[in-house]
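Read in full-length UniProt numbering, the sequence shown has 51 at position 51, and its numbers run on one by one without any break.
By construction, the Cβ of each residue, glycine as well, lies at the ideal position given by its N, Cα and C atoms.
Please read all numbers here as calculations on a predicted model, not as lab measurements.
Report on the structure given below.
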Amino acid sequence: MAVTVAVVLGSIVGLAAGYFRGWLDIAIGVFTDSILSVPALLLLIAVVTVIGKPKAPLESVWKMGLTLAIVAVPTMARLARANTMVFAQREFVLAARSMGASNRRIIFREIAPNVALPVLSYSFIIIATLIVAEGSLSFLGIGLKQPNPTWGNMIAEGQVSNVLRKYPHIALVPGFVMFLTVFSFNRVGEKFRSLWDQREAKI
Numbered sequence: 001m002a003v004t005v006a007v008v009l010g011s012i013v014g015l016a017a018g019y020f021r022g023w024l025d026i027a028i029g030v031f032t033d034s035i036l037s038v039p040a041l042l043l044l045i046a047v048v049t050v051i052g053k054p055k056a057p058l059e060s061v062w063k064m065g066l067t068l069a070i071v072a073v074p075t076m077a078r079l080a081r082a083n084t085m086v087f088a089q090r091e092f093v094l095a096a097r098s099m100g101a102s103n104r105r106i107i108f109r110e111i112a113p114n115v116a117l118p119v120l121s122y123s124f125i126i127i128a129t130l131i132v133a134e135g136s137l138s139f140l141g142i143g144l145k146q147p148n149p150t151w152g153n154m155i156a157e158g159q160v161s162n163v164l165r166k167y168p169h170i171a172l173v174p175g176f177v178m179f180l181t182v183f184s185f186n187r188v189g190e191k192f193r194s195l196w197d198q199r200e201a202k203i
């Protein structure tokens, strides 16, 4: 959920900033730079504190998803903005503009499909990053709590000294699975990005 919100909202914001430029680009740039200047873990803790403690297990899942989305949106917005600025100067966009195409048509028919490819490829890396972020919050005790099972909760429960000595698998197994998952998403993201770079070189 968090990645979907970040991709959709970040793409919309980035497309608007990169295409229209001017004061809108400046305002969005200041906002995203301000958020990205704060260390990610501190920002997550601050957002969790502001949102408040959930009253039900399902509510905690939605609040955690919202927290992760807030942190991920600026990164996706900057990526979409950078690609929008590049494609806005391409020949097919200039041709569409010279033929009298509206801004709406240019954005959604000419630029957005091309911007979507790098954004979607990078979303796999964002998934890996958010998995680590959620695990870190749960490990610190400020993320999802029981009965919502998370790798961070499992590792935290298994890191108690007497439990870790007798039953190390309680902490090691979820940690190893989390590592494999994050590594896999990173590799998929890198693969898609390399394919995008090859396609970009041919355009």
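- Judged by DSSP in its simplified three-state form, residue 46 adopts helix.
- With 16 or more other Cβ atoms from the protein chains shown falling within 10 Å of its own Cβ, residue 152 counts as buried.
- Contiguous alpha helix (DSSP H) elements confined to the segment 64–107 occur at 91–98, taking only those with 4 or more residues.
- Residue 49 is positioned such that its CB atom lies no closer than 8 Å to that of residue 78.
- Assigned with DSSP and collapsed to three states, residue 147 falls in coil, not helix or strand.
- At the C-beta level, residue 138 and residue 150 come within 8 Å of one another.
- In the structure shown, the three-state DSSP call for residue 21 is coil.
- Following the DSSP letters along the chain, one finds residue 135 inside the alpha helix (DSSP H) bounded by residues 112–140.
- Going by C-alpha positions, residue 170 is about 19 Å away from residue 182.
- The three-state reading of DSSP puts residue 1 in coil, since its state is none of H, G, I, E or B.
- With fewer than 16 other CB atoms across the displayed protein chains lying within 10 angstroms of its CB, residue 46 is exposed.
- When C-beta atoms of the segment 80–93 are compared with those of the segment 13–28, three or more pairs fall below 8 Å, so the two segments count as touching.
- Taking a cut-off of 8 Å for Cβ pairs, the segment 182–191 and the segment 119–137 touch, as three or more such pairs fall below it.
- In terms of Cα proximity to residue 89, the closest of 76, 74, 75, 106 is 106.
- By the CB criterion at 8 Å, residue 36 and residue 74 fall inside the cutoff.
- When the alpha-carbon of residue 60 is set against those of 143, 11, 157, the nearest one is in 143.
- Residue 125 and residue 186 do touch by the CB rule: their CB atoms are close to 6 Å apart, below 8 Å.
- Here the alpha carbons of residue 66 and residue 104 stand approximately 29 Å from one another.
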